[in-house]
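Read left to right, the sequence shown gives residues 1 to 437 (our numbering). Below: the structure, in structure tokens.
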Amino acid sequence: MKSYSIAVIGTGYVGLVSGTCFAYVGHRVVCCDVDASKIERLKRCEIPIYEPGLDKLVAEGMQQGRLRFTTDIDAAIQAADVIFIAVGTPMSQTGEANLDYVQQAARMIGTVINGYKVIVTKSTVPVGTGRLIAQWIGEASHNQYSFDIVSNPEFLREGSAVYDCLNMERTVIGADRPEAAAIIAELHEPFGTVVLKTSIESAELIKYASNCFLAMKISYINSIANLCDQLGADVDEVAQGMGLDSRIGHRFLQAGIGYGGSCFPKDTYALRHLTKEAGCSFSILEAVIDTNEQQRLIVIDKLKQSLGTLAGKRIAVLGLAFKPNTNDVRDAPSLTIIPKLLEAGAIVRAYDPVAAEEARHVLGDQVVYMPSVQDTVMYCDACLILTEWEQIVESDWEKLHSSMSRPLLIDGRNCWSAEKMAELGFEYISMGRPFVP
Ligand code: NAD
Numbered sequence: 001m002k003s004y005s006i007a008v009i010g011t012g013y014v015g016l017v018s019g020t021c022f023a024y025v026g027h028r029v030v031c032c033d034v035d036a037s038k039i040e041r042l043k044r045c046e047i048p049i050y051e052p053g054l055d056k057l058v059a060e061g062m063q064q065g066r067l068r069f070t071t072d073i074d075a076a077i078q079a080a081d082v083i084f085i086a087v088g089t090p091m092s093q094t095g096e097a098n099l100d101y102v103q104q105a106a107r108m109i110g111t112v113i114n115g116y117k118v119i120v121t122k123s124t125v126p127v128g129t130g131r132l133i134a135q136w137i138g139e140a141s142h143n144q145y146s147f148d149i150v151s152n153p154e155f156l157r158e159g160s161a162v163y164d165c166l167n168m169e170r171t172v173i174g175a176d177r178p179e180a181a182a183i184i185a186e187l188h189e190p191f192g193t194v195v196l197k198t199s200i201e202s203a204e205l206i207k208y209a210s211n212c213f214l215a216m217k218i219s220y221i222n223s224i225a226n227l228c229d230q231l232g233a234d235v236d237e238v239a240q241g242m243g244l245d246s247r248i249g250h251r252f253l254q255a256g257i258g259y260g261g262s263c264f265p266k267d268t269y270a271l272r273h274l275t276k277e278a279g280c281s282f283s284i285l286e287a288v289i290d291t292n293e294q295q296r297l298i299v300i301d302k303l304k305q306s307l308g309t310l311a312g313k314r315i316a317v318l319g320l321a322f323k324p325n326t327n328d329v330r331d332a333p334s335l336t337i338i339p340k341l342l343e344a345g346a347i348v349r350a351y352d353p354v355a356a357e358e359a360r361h362v363l364g365d366q367v368v369y370m371p372s373v374q375d376t377v378m379y380c381d382a383c384l385i386l387t388e389w390e391q392i393v394e395s396d397w398e399k400l401h402s403s404m405s406r407p408l409l410i411d412g413r414n415c416w417s418a419e420k421m422a423e424l425g426f427e428y429i430s431m432g433r434p435f436v437p
């Protein structure tokens, strides 16, 4: 295998994990960022995000001299054969992807480029961005050097990002020139992954089309769950029956309070924007977004149905991260639900194994952050489960039951069987599953 010299611009969830995995399989990687404190921590082998297995791989890569961290982005660009752009593309106020960081990265590359490079976009970007990046680099470099642009969207999932990267199901390589696509395919050879070579535009759209399709499955099953609540059917049974059809499959059919995180919400909005700009209609996507926004609020309705007014009620919230095994709270349902509880006058205590600090930055100190599940539910009038962390699901609920003022459990993630929780004496209300008295 040929070992490539790689620069990764943007050392966040994607840049850090993919850079570390490229080093693990034998490439020489420099991860760069404009955030000097992040880079300083990484140089001390402190991992700024919570991601299972990442610490070990970073330490190994650094020890073997294959993985380095720097703020000297110019030098990293000049020393690299292949440059990955993995900066954020957050949602702008109009819903479209904000390309400011991508543009900055492209301009940096153009300013210091010193020979042929393959420049790869890993960030999720709207169709047409690859061409824009080429233009920005060309403008900054006065077209002195040749380079190729490749779109190589990232499909890792936070919480299992290292596993996903080392066991990637597919790599999509969008390029104009087959020679550039071949370099990126060779770089991925050690992962033994299926390679799909496409045009740059198709690769860019594959990422949005995939994420929005998964979001659609979630909104679909959540709508079925809401129907189950009205009709007395059980969404778990319905999903199981649907999933046995191999054309449908079981995955992404878990009903709950909807999707969150740094990707699905912003990517659904970005594709909606792209669709409008292209003069097309995509009414399914509108419904996916709308359904998800409504779905978060259903736990509040369920709470009010049981408690009446929420004013002065002590509500325990378990789980703040948008999903288990991550400290990421970007667009987490908790950030919509908790302010509504506070607005209604509830007293909120919350627990998350790793995301409390991140949540505090957004929610402030009106919420009391507790160190354990036990402390959170003590004397509460109701408990809301928003993230299905193992630490929460596997708690001793028999014991916790007796410490709650009222054993009302609203399970936004369908973590337990209704029968089991009823046996333990809970008033157990979940999503789309019949109440067991
Ligand atoms: P992130 O916010 O965690 O990290 C982005 C990093 O880029 C930050 O550390 C920031 O300081 C740095 N940065 C910004 N401008 C820079 C510049 N000019 N030079 C160097 N560094 C710069 O973002 P993320 O979650 O890693 O996402 C990155 C991209 O990957 C986004 O487009 C996202 O949609 C996509 N993506 C994310 C995931 C995920 O699960 N997080 C999965 C697939 C794709």
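Think of the CB as a built atom: it goes at the ideal place given N, C-alpha and C, for glycine as much as any other residue.
Proximity to residue i [Cα-Cα], best of the options
i    : options                   : result
G53  : T94, I9, G159 and Q135    : G159
S395 : S372, E293 and A278       : S372
Y24  : P90, T376, G312 and H188  : H188
T336 : D365, Q391, G260 and G279 : G260
L443 : A106, G115 and C228       : The structure shown does not extend to residue 443, since the chain is modelled only from 1 to 437, so the question has no answer here.
V172 : L341, N211 and S151       : S151
D381 : L341, V30, C415 and R413  : L341
D375 : E388, S405 and T387       : S405
C228 : L409, A332, S430 and T387 : S430
H401 : E237, I200, M378 and E419 : M378
M168 : K304, L196, A311 and A175 : L196
L494 : L424, L318, S18 and E46   : There is no way to answer for residue 494, as the model of the chain reaches only from 1 to 437.
D100 : I85, L297, V30 and T198   : I85
T111 : E139, D411 and T89        : E139
C-alpha gap between residue i and residue j, whole angstroms
i    : j    : result
I184 : S123 : 16 Å
T291 : G232 : 21 Å
A278 : Q366 : 44 Å
I315 : R349 : 6 Å
V127 : A180 : 19 Å
E293 : L274 : 20 Å
S3   : V120 : 17 Å
S219 : L320 : 20 Å
A36  : L386 : 34 Å
F282 : L271 : 9 Å
Y50  : S334 : 18 Å
Y145 : S5   : 18 Å
R44  : F22  : 20 Å
H361 : P407 : 30 Å
I298 : I109 : 47 Å
Where residue i falls, given that 16 or more other Cβ within 10 Å makes a residue buried
i    : result
A76  : buried
Y208 : buried
E40  : exposed
P265 : buried
I392 : buried
P437 : exposed
P153 : buried
E204 : buried
E390 : exposed
Q295 : buried
R247 : exposed
Y351 : buried
K302 : buried
V87  : buried
R177 : exposed
T129 : buried
S262 : buried
N414 : buried
V194 : exposed
T20  : buried
N443 : This structure leaves residue 443 out entirely; the chain is present only between 1 and 437.
A97  : buried
S18  : buried
Beta-carbon contacts of residue i that lie in its chain and below 6 Å, excluding the five residues immediately before and after
i    : result
I117 : In the sequence as displayed, the identity of residue 117 is Lys instead of Ile. These residues qualify, in order along the chain: I83 and F147.
D164 : L156 and R157
A215 : Y259, F264, T268 and V288
D33  : T11 and I39
P339 : none
A359 : L320 and V329
I347 : R314
K217 : F252
Proximal residues to residue i (C-beta, below 7 Å), its chain only, five neighbours per side dropped
i    : result
G243 : G249, H250 and L253
M1   : G26, E189 and P190
Contact with chain D by residue i, beta-carbon distance below 8 Å
i    : result
P339 : In the displayed structure, chain D is absent; only one protein chain is listed.
Contact set for residue i: own chain, Cβ-Cβ below 8 Å, skip 5 residues either direction
i    : result
A422 : Y428, V436 and P437
A239 : I221, I224, H250, L253, Q254 and A255
D234 : C228, G432, R433 and P434
A356 : L320, A350 and Y369
Entirely enclosed alpha helix (DSSP H) segments - the stretch 347-435, minimum 4 residues = Whole alpha helix (DSSP H) segments, 4+ residues: 356-363, 373-377, 390-393, 397-403 and 418-423.
inquiry  = Which runs of the alpha helix (DSSP H) at least 4 residues long sit entirely within the stretch 37-119? Give them in chain order.
reply    = Counting only runs of 4 or more, we get 54-63, 73-79 and 100-112.
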